[in-house]
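**Student:** Protein chains in written order, with my numbering: chain A, 13 to 282; chain B, 21 to 346. Mind having a look at this structure? Questions to follow.
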Amino acid sequence: MRKVMLNGTALVLVVLFLFPVYWMFSTSFKSNTDVLSKDPVFFFTPSFDHYSTATGVDLFWTYVGNSFIVTIGAVLLALGVALMASYAIARMRFRGRRGMVIAVMMAQMAPWEILIIVVYLNARDLEMLNSIGTLTLVYFVMALPFTIWTLRGFIAAVPKELEESAMIDGCTRTQAFFRVIFPLLAPGLMATSLFGFISAWNEYAMVLVLNKAPDAATLPLWLTQFQTNFGNDWGATMAASSMFTIPVLILFILLQRRVTGGLSAGAVKG
Amino acid sequence: MTVHIEDAPPRVPGPDPSTAGLPPPRPRRPRSARWLPYLLLAPAVLALAAVLGYALVRNLVISFQEFGRRQLISRTTEWTGLDNYRAVLENERFWDAAVRTFVFMAANVLVIMILGTLIGLLLNALGTKMRLLLSISLVAAWAMPVIASTTVFQWLFDQQFGVANWVMRSLGFSGYEQHNWFGSGTSTLAIVTVLIVWASVPFVALNLYAGLTTVSGEIWEAARMDGASDWRVFWSILVPIMRPFFLITTFLEIIWVFKAFTQIYAMNEGGPDRQSETLPVMAYMEGMGQNQYGAAAAISVLTLIILLVAMSFYFWLIFKQEKEES
C-alpha cells in the first residue's frame, strides 16, 4: 500500500515536472490551427513550419554565431586565467592569500542582476555597446570566480608529492604543472567549462541592455522576438525555445552526476 | 535558474587555520619566486576589478549624482549628495517593491525548501526504476534555460489559448474562459513563483537525495527498531545530520530568489502598471525605462546592502562548517 502511494505520488510529480518541457516541444511541432485552439490538442500531425519560421528570421545565423563566439570565448578566457590564479591559491603561500580566497568567494555571489544598469553605463561611456567583445568580457568575468574556485579544489586534490618528485627528477615548476597536474585536471576542466558554457549561453539580462543591435545580439534575444505587441507567434516561440534548450539539456544530462555530487560532498561529512 | 553548484562548499585545502598566523617555513627560493603568485593572480584580479569592481564603485558614485537623460547625453556630472536616496526612500513605490520582494522571496524559499525536501525523501524511498524516472524529469526541469522556461510559462498561462485556463475549466471552475493570469501584480508574481519553484525544487531534491545516500542505512534501521515514527526519524535524525545542507541551501535560495530578474522581467516586464516589480526589476525600470539612472543606482545600492546581510550569513555558515571539518 505504501509502495503504491509512493509510486503514485512520484508519477504525479513526473507529469508536473515534465509537462512544461513536453508542452514546449509538442507546441513547436503543431500547425497553427492546433496551437491556436481553445481546447489543447494532444494528438496531431507534426509540422516543421514553426522551425522554418524561427530559423528564417533575418540574421538567424548571426545570432547563432554570436552565441557560440561569446560563450566559447568566455569559457576559454576563464579557463586560462583561472588556471594560473587557482594554481597560485592552491599551491603557493603569499601575503594576501586569504583575502584573495574571500574575494573569489564573494565575487561568485556577485549580484549581476542588480548591476545591469551600471554595466550598461560603463560600456556606454567607453563606447563598447553592441560589441561581441564586451559581452565576451562580461561573461568571462561572470564565469571567472566559479572557475577559479572549482579548479582550486581540483589542484589542491593532486598530492603535492607528485609534483615535488617530478621537480626532483629535474622538471621545472612549469613543466611539473603541465606534465603532472594538468592531465589530472581533465574532469575539473570539463566540469567548469560546461558550467561556464551553460551560464553564458543562458544569459539574458546583460545582452538585453548591452547588445540591443541585431547584429550583436545572441540567441536569448532571438527567442523572445516572436512575441510582439501585435500578437505572439507561440508556435515559433516554442520552436525557438526548443532549439535553444536542446544543447543545454544534453550537457546537463552529461553533467548531472557531477553536479549532485558536489554540494552533498561539502554538506555532509561522509 | 541554471546550475549554481559553484556555491557548493568544497573542503578547504591549504594551510591549517591554526598555523596561519605563524610564518610558514620557507625554503630558500630565488627572488623571482616571491613575485610569482602575484604574477599568476594578476590577470584574474585585473579582470574582476575592471568589470565587477568598477561597476560596484561606479554604482555607488552614480547614486550620489543627478543622472538623467540630460546628463546621459551631455555626459556631465552633477553631484547631489543624498538626494537620490531621499527621493527613493520617500517614494511609496520603493517601499511597495521592498515589501513585495520580501514576501515573494519568503514564499518562494518556503515552498522550494518544503517541496524539495519532500521530493528528496521520496527519491530515497522509491525503487530504482521509479527513482530514475523522477530524477530524469527533475533534471529536465532544472536544465531548462531560464529565458526558455519563462516563455513556456507565458504560453502555458496565455489568456486565449493557454493550457492553464483549459485545466481550470476541466476541473469545473467557472470564469476561466479567457482568464488573464497577468492581470494583476500578485497574480503575475504567483505565476513567477510557480516557475521559480518548478525550476529550483530539482536542485534541492537531487542534492538532498545525494546527501542521503552518503548516510549509512543502519542509522534508519536502528531508529526504526527502537520504534521511532517517521516524523521522529525526520526531526531527530535527518535534520541534525543534514543541518549544514539545509542551512546553506536555504540561504542560497534566499539570495537567488531575492535577486531574480529574468523570470520577473521577461514574464511581464514588472507589469501590469509596475505592480509586479521587485527591487532588482524596479532598479532596472527606473534606469532603462525612466532614464533615472541616479535613482536606479540608489535602489541597487540599497538592494545590495540587503543582499549583503543575507550573504554574510551564508559566508558565516560556510566558514563555520570549514572550521568544523578541519
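From the three backbone atoms N, C-alpha and C, an ideal C-beta is built for every residue, glycine too. The model shown is predicted, which means the values in this text are computed figures rather than measured ones.
1) At a CB distance below 8 angstroms, what residues from the region 257 to 288 of chain B approach chain A? Give them in sequence order.
2) Quick check on this structure: which residue in PHE80(A), ASP61(A), VAL131(A), PHE31(A) has the alpha carbon closest to the alpha carbon of ALA251(A)?
3) In the DSSP assignment, find the unbroken alpha helix (DSSP H) run with ARG294(B) in it and report its ends.
4) Relative to chain B, which residues along the region 242 to 254 of chain A have a C-beta separation below 7 angstroms, given in chain order?
5) Are LEU327(B) and PRO259(A) close, meaning C-beta to C-beta below 9 angstroms?
6) For the region 162 to 192 of chain B, which residues have a beta carbon sitting closer than 8 angstroms to at least one beta carbon of chain A?
7) Ends of the alpha helix (DSSP H) at VAL170(A)?
8) Given ASN144(B), which residues of its chain have a CB within under 7 angstroms of its CB, disregarding the five upstream and five downstream residues?
9) Counting only beta-carbon atoms, is ALA67(B) nearer than 9 angstroms to chain A?
10) Please confirm if GLN187(A) has its CB atom under 9 angstroms from at least one CB of chain B.
11) So, using beta-carbon positions, are SER43(A) and THR57(A) closer together than 9 angstroms?
12) Does the region 76 to 89 of chain B come into contact with the region 296 to 306 of chain B, if we say contact requires no fewer than three beta-carbon pairs (one atom in each stretch) closer than 8 angstroms?
13) Using a Cβ-Cβ cut-off of less than 8 angstroms, give me the residues of the region 42 to 64 of chain A that come near chain B, in sequence order.
14) Please classify GLY195(B): does DSSP put it in a helix, a strand, or coil?
15) When the cut-off is 9 angstroms and only beta carbons count, does LEU92(B) lie next to chain A?
16) With 16 other CB atoms within 10 Å as the buried threshold, where does ARG103(A) fall?
17) Among the residues of its own chain, which have a CB less than 6 angstroms from the CB of LYS340(B), if the five just before and after it don't count?
18) Between TRP35(A) and chain B, is the shortest Cβ-Cβ distance under 9 angstroms, so that the two count as touching?
19) Run through chain A and tell me which residues come within less than 8 angstroms of THR121(B), C-beta to C-beta.
20) Cβ atoms of ALA330(B) and PHE266(B): under 9 angstroms apart, would you say?
21) Does any residue of chain A bring its CB to less than 9 angstroms from the CB of TRP218(B)?
22) What separation, rounded to the nearest whole angstrom, lies between the Cα atoms of LEU68(B) and TYR151(A)?
23) Would GLU125(A) be called buried (16 or more neighbouring beta carbons within 10 Å of its own) or exposed?
24) Does DSSP put GLN283(B) in a helix, a strand or coil?
25) Just tell me which of THR298(B), ALA163(B), MET188(B) has its CA closest to the CA of ILE284(B).
26) Who does ASN244(A) pair with in a DSSP beta bridge?
27) Between LEU76(B) and chain A, is any beta-carbon pair separated by less than 9 angstroms?
28) Against VAL71(B), what residues of chain A qualify as contacts under a CB-to-CB distance less than 8 angstroms, listed in chain order?
29) If I follow the unbroken alpha helix (DSSP H) through LEU206(A), where does it start and stop?
30) In chain order, which continuous runs of the alpha helix (DSSP H) of length 4 or greater are located wholly inside the region 103 to 179 of chain A?
31) Under a CB-based cut-off of 9 angstroms, is LEU324(B) close to chain A?
32) What number of angstroms, rounded off, separates the C-alpha of TRP161(A) from the C-alpha of ASN185(B)?
33) Starting from the C-beta of SER205(A), find all residues in its chain whose C-beta is less than 7 angstroms away, skip the five residues before and the five after it, and write them out in chain order.
34) For the alpha helix (DSSP H) that contains THR323(B), what are its first and last residues?
35) Among GLY314(B), PHE202(B), SER320(B), whose alpha-carbon lies nearest the alpha-carbon of GLY101(B)?
36) Give, in chain order, every unbroken run of the alpha helix (DSSP H) that is at least 4 residues long and sits entirely within the region 101 to 153 of chain B.
**Tutor:** A quick look at the data gives this:
1) Of all residues in the region 257 to 288 of chain B, ILE261, MET262, PRO264, PHE265, ILE268, THR269, ILE275, LYS279, ALA280, PHE281, THR282, TYR285, ALA286 have a Cβ within less than 8 angstroms of some Cβ in chain A.
2) Considering only PHE80(A), ASP61(A), VAL131(A), PHE31(A), the residue with the shortest C-alpha distance to ALA251(A) is ASP61(A).
3) Neither: ARG294(B) is in no alpha helix (DSSP H) and is coded neither H nor E.
4) Of all residues in the region 242 to 254 of chain A, only TRP246, THR249, MET250, SER253 place a beta-carbon less than 7 angstroms from a beta-carbon of chain B.
5) Their beta carbons are not under 9 angstroms apart, which means LEU327(B) does not touch PRO259(A) by this criterion.
6) Answer set for the region 162 to 192 of chain B: TRP162, ALA163, MET164, PRO165, VAL166, ILE167, ALA168, SER169, THR171, VAL172, PHE173, GLN174, TRP175, LEU176, ASP178, GLN180, PHE181, VAL183, TRP186.
7) Going by DSSP, VAL170(A) is part of no alpha helix (DSSP H) at all; its letter is neither H nor E.
8) Answer for ASN144(B): TYR229, LEU232, listed in chain order.
9) Judged by the 9 angstroms Cβ criterion, ALA67(B) is in contact with chain A.
10) Residue contact with chain B for GLN187(A): absent (no Cβ-Cβ distance below 9 angstroms to any residue of chain B).
11) Going by C-beta atoms, SER43(A) is nearer than 9 angstroms to THR57(A).
12) No: fewer than three Cβ pairs fall under 8 angstroms.
13) Under the 8 angstroms Cβ criterion, the region 42 to 64 of chain A contributes VAL47, LEU48, SER49, LYS50, ASP51, PRO52.
14) GLY195(B): coil per DSSP, three-state reduction.
15) Put simply, the CB of LEU92(B) is near chain A, with a gap under 9 angstroms to one of its CB atoms.
16) The residue in question, ARG103(A), is buried, as its Cβ has 16 or more Cβ neighbours within 10 Å.
17) Excluding residues within five positions, none has a Cβ falling inside 6 angstroms.
18) Cβ-Cβ to chain B under 9 angstroms: yes for TRP35(A).
19) None at all; the shortest Cβ gap to chain A is about 12 angstroms.
20) Annotated as distal: PHE266(B) and ALA330(B), with beta-carbon spacing of 9 angstroms or more.
21) So yes, TRP218(B) belongs to the interface.
22) Cα to Cα, LEU68(B) sits roughly 11 angstroms from TYR151(A).
23) Counting Cβ neighbours within 10 Å, GLU125(A) comes out buried, since at least 16 surround it.
24) Note: GLN283(B) maps to helix in three-state DSSP.
25) ILE284(B) has its Cα closest to that of THR298(B), out of THR298(B), ALA163(B), MET188(B).
26) Its beta-bridge partners are GLN239(A).
27) It does; some Cβ of chain A falls within 9 angstroms.
28) Chain-order list of chain A residues neighbouring VAL71(B): VAL131, LEU149, VAL150, VAL153, by C-beta distance under 8 angstroms.
29) Looking at the DSSP string, the run of the alpha helix (DSSP H) that includes LEU206(A) is 198 to 214.
30) Entirely contained in the region 103 to 179 of chain A, the alpha helix (DSSP H) runs reaching 4 residues are, in chain order, 109 to 120, 128 to 137, 144 to 169.
31) Yes, its Cβ sits closer than 9 angstroms to a Cβ of chain A.
32) So the alpha carbons of these two residues sit roughly 46 angstroms apart.
33) Excluding residues within five positions, the ones whose Cβ falls inside 7 angstroms are VAL87, LEU91.
34) Unbroken alpha helix (DSSP H) run through THR323(B): 313 to 345.
35) The shortest Cα separation from GLY101(B) among GLY314(B), PHE202(B), SER320(B) belongs to GLY314(B).
36) Listed in chain order, the complete alpha helix (DSSP H) runs (minimum 4 residues) inside the region 101 to 153 of chain B are 103 to 110, 112 to 145.
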